Amino acid sequence: MALRKIALVGVGKIAIDQHIPSLAKSDDWELAAAVSRHHQVEGVPNYKSMDEMLGAHPEIEVVSLCMPPVPRFEYARAAIAAGRHVMLEKPPGATLSEVYALEALARDAGVTLYATWHSRKAAQVATAKAWLMGKAIERFTVTWKEDVRKWHPNQDWVFEPGGMGIFDPGINALSIVTEILPDPIHLTGAILKFPANRDTPIAADLDFYHPHGATVSAQMNWDHSGADIWDIEAVCKEGVLKLEKGGGVLLIDGTEQPGAIGQLDGEYPQLYADMAALVSSGASEVDLRPMLHVSDALTLGKRQQVSAFEW
Ligand code: NAP
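If you number the sequence shown the way my numbering does, the last residue is 934 and the count never jumps.
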């Protein structure tokens, strides 16, 4: 079958680390153009403006938006207005209401909108979800700690309004939680730590209501030295499940389960395979539950000021 043509917009860390290599290996997609104000992608036509690219390439069906959340709405709106299917990096927007607006625009235009959650595609997430089904969960704990300097070097946007701070990685944990927990949860309290010189939190502790009485909590910290900790533990009457390495490794009662692969490996290729399936079937996928919890934390959370953050 002929490859479908796709354009990447916003060529920064994640486009270079994941999107470009995943598209190069894909059996579904051909990277046919890039839009970047500062970079050039080798081997394809490069544009500084998305409108120019859309005008020059009516054959490009899909636009994949890889820039930070705040500027994304305008790009998505324009691509949908030009009749293109749209794939959104996570978090899908700066606010819930702008993503609802995109959903409505895509529906009216008859195009696919895919709000991606790459961490849901980690190797062991589906197995963890299946194991938890029907289990009596007593305690469910998320520990998400990494060094912002490692994954977002000098990216000031993460500390600007809409950048979400610790929730930029923390929403990855929440995307897994909302995928694998059989019952819906909602936030009951949060403590948010804001550096004195920044507009978004660098750490957060979250507590949730669980309909069957489990204790559900999350500790997230972006000023963590040492190895990344991306763990989710579910203590159940029937045993203990632990997802480590962002969903790549699964232990049941301390025994590692087969099927682990490296961090992020396979996640982005799976997102692009999903997008091909969504476009083929004329469907959209926009699940905003991870972002609802972030929005609730920013609404309900108690704010504490901590030392100024410098890179
Ligand atoms: P980044 O490198 O700081 O930015 C990506 C690119 O977005 C920039 O190179 C720039 O591209 C474009 N951009 C930035 N500000 C813009 C603006 N105001 N208007 C238009 N374009 C703008 O960020 P990133 O780390 O790739 O993250 C981008 C998204 O991917 C975020 O939502 C993040 O949560 C998600 N993500 C990141 C990682 C990671 O490890 N960093 C992992 C998974 C997901 P041009 O210079 O080409 O215009």
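Think of the CB as a built atom: it goes at the ideal place given N, C-alpha and C, for glycine as much as any other residue.
Since the structure is predicted, the reported quantities are computational estimates derived from the model, not experimental observations.
Give the secondary structure of residue i by DSSP, where H, G and I count as helix, E and B as strand, and everything else as coil.
i, result
"residue 696", "helix"
"residue 643", "helix"
"residue 654", "strand"
"residue 669", "strand"
"residue 708", "strand"
"residue 789", "coil"
"residue 624", "coil"
"residue 782", "helix"
"residue 722", "helix"
"residue 754", "helix"
"residue 690", "coil"
Let's test the definition: count the other Cβ atoms within 10 Å of the Cβ of residue i and tell me whether it reaches 16, buried, or not, exposed.
i, result
"residue 934", "exposed"
"residue 801", "buried"
"residue 660", "exposed"
"residue 744", "buried"
"residue 723", "exposed"
"residue 903", "exposed"
"residue 695", "buried"
"residue 844", "buried"
"residue 879", "exposed"
"residue 663", "exposed"
"residue 930", "exposed"
"residue 928", "exposed"
"residue 827", "buried"
"residue 795", "buried"
"residue 868", "buried"
"residue 793", "buried"
"residue 854", "buried"
"residue 697", "exposed"
"residue 861", "exposed"
Would residue i and residue j qualify as a contact pair, given that the criterion is a beta-carbon distance under 7 Å?
i, j, result
"residue 683", "residue 647", "no"
"residue 766", "residue 875", "no"
"residue 746", "residue 882", "yes"
"residue 685", "residue 699", "no"
"residue 653", "residue 626", "yes"
"residue 762", "residue 823", "no"
"residue 639", "residue 687", "no"
"residue 835", "residue 808", "no"
"residue 720", "residue 895", "no"
"residue 899", "residue 760", "no"
"residue 926", "residue 782", "no"
"residue 797", "residue 920", "no"
"residue 840", "residue 764", "yes"
"residue 911", "residue 813", "no"
"residue 756", "residue 681", "no"
I'd like the list of long-range same chain contacts for residue i, defined as Cβ closer than 8 Å, with 5 residues on each side in sequence excluded.
i, result
"residue 637", "689, 712"
"residue 971", "The shown model of the chain, from 624 to 934, leaves out residue 971, and the question about it has no answer."
"residue 733", "905"
"residue 714", "692, 787, 790, 791, 794, 913, 914, 917"
Whose C-beta lies closer than 7 Å to the C-beta of residue i among residues of the same chain, with five residues either side of it excluded?
i, result
"residue 754", "864, 875"
"residue 908", "737, 738, 901"
"residue 667", "654, 655, 656, 657"
Closer than 6 Å by C-beta to residue i: which residues in its own chain qualify, once you throw out the five before and the five after it? Chain order, please.
i, result
"residue 846", "825"
"residue 693", "717, 785"
"residue 702", "686, 709"
"residue 815", "824, 827, 924, 926"
Just checking: is the beta-carbon of residue i within a distance shorter than 7 Å of some beta-carbon in chain B?
i, result
"residue 704", "Reference to chain B is not applicable here, since this structure consists of a single protein chain."
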